[in-house]
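Chemist: Sharing a structure, written as structure tokens. Questions coming.
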Amino acid sequence: MEENVFLIKWYGPFDCKEDIRDWEQEQSFKSSLYLLHGKCKYAKKSEKYYCGMSERNVYKRLSDKNHHIREIQERPHSIYVGCLSNVKRPTTSQIRLVEKIITASLTYLVGKENVLNATNTLFPAENIFVINEWWKTTGESVWKRQLKNAPSNIIPDVITFHYKGNEDNDLFGCKKLKQL
1386 MEENVFLIKW
1396 YGPFDCKEDI
1406 RDWEQEQSFK
1416 SSLYLLHGKC
1426 KYAKKSEKYY
1436 CGMSERNVYK
1446 RLSDKNHHIR
1456 EIQERPHSIY
1466 VGCLSNVKRP
1476 TTSQIRLVEK
1486 IITASLTYLV
1496 GKENVLNATN
1506 TLFPAENIFV
1516 INEWWKTTGE
1526 SVWKRQLKNA
1536 PSNIIPDVIT
1546 FHYKGNEDND
1556 LFGCKKLKQL
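Numbering (the numbering used here), first residue to last: 1386 to 1565.
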């Protein structure tokens, strides 16, 4: 049985990191991942994406002095906060592995020039299976529709990566799961 199977519940979009601070204080779980989406200063069309992880709460991580959020915070942007909901106490290596597959998938789908991450743009050297759920900030329902360029429409709801030890690895995804 595979051990790298993760269910990520993404909550958002948040408009600013202060909204995340207030939201995190109300939650009974710890968020470990976050996605940023927006345009850099002076950009007209090019949208940028960033996936990150934090062992602290996400608000404190986004408040760091040289964080990438500063590159897009002057323009309309969105922030999604994610947690590994099927793992009670995720290890740092599990969180890093999920961050790596999300970042590599983003790079593959939108191009390296549109991803602010300087690292983790290559796929991991192990099999991984990820299911993404996109929840409203209230946590009461999932998003049925989002903007075309939102991370929830770019990142597939299901990602499976099969590592074969050479360049012939397999990446599979299901863009949107539909209710039956």
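Beta carbons are placed, not taken as given, at the ideal position from N, Cα and C, and that holds for glycine. On a predicted model such as this, the values are computed, not experimentally measured, just so you know.
Among V1495, F1546 and L1565, which residue has its Cα nearest to the Cα of F1557?
Modeler: Comparing Cα-Cα distances from F1557 to each of V1495, F1546 and L1565, the minimum goes to F1546.
Chemist: Please classify R1446 as buried or exposed, where buried requires at least 16 other C-beta atoms within 10 Å of its C-beta.
Modeler: Flag for R1446 reads buried.
Chemist: Report back the beta-carbon spacing between N1389 and L1482 to the nearest angstrom; my notes put them in contact at under 8 Å.
Modeler: Indeed, because the Cβ distance is near 6 Å, the residues count as touching under 8 Å.
Chemist: Are K1394 and C1468 close, meaning C-beta to C-beta below 8 Å?
Modeler: Contact: yes.
Chemist: Between the beta-carbon of E1511 and the beta-carbon of C1436, is there less than 8 Å?
Modeler: Not closer than 8 Å, so no.
Chemist: Measuring only the C-alpha atoms, how far is D1449 from S1439?
Modeler: D1449 and S1439: Cα-Cα distance of roughly 11 Å.
Chemist: Got a sec? Which residues, its chain only, sit under 7 Å from N1502 by beta carbon, not counting five neighbours each side?
Modeler: Hits under 7 Å: Y1435, C1436 and T1488.
Chemist: Do N1517 and D1542 count as a contact pair if the criterion is CB distance below 8 Å?
Modeler: For D1542 and N1517, yes; Cβs fall inside 8 Å.
Chemist: With a threshold of 7 Å (Cβ to nearest heavy atom), would A1489 be considered close to the ligand COA?
Modeler: Only the bare structure without any ligand can be found here, which leaves the ligand COA out of the picture.
Chemist: Looking at I1457 and C1425, is the spacing between their C-beta atoms short of 8 Å?
Modeler: Yes, they are a contact pair.
Chemist: Buried or exposed, going by whether 16 or more other CB atoms sit within 10 Å of the CB of G1423?
Modeler: Buried: at least 16 other Cβ atoms inside 10 Å.
Chemist: Can you tell me where the alpha helix (DSSP H) with V1543 in it begins and where it stops?
Modeler: No alpha helix (DSSP H) holds V1543; the beta strand (DSSP E) holding it covers V1543 to H1547.
Chemist: Compare the C-alpha of G1524 against each of L1420, Q1412, N1534 and C1401 and name the closest.
Modeler: Cα-wise, what sits closest to G1524 is Q1412.
Chemist: In its own chain, which residues sit with a C-beta less than 6 Å from the C-beta of F1572, not counting the 5 before and 5 after it?
Modeler: Outside the shown range of the chain, which is 1386 to 1565, sits residue 1572, and nothing can be said about it.
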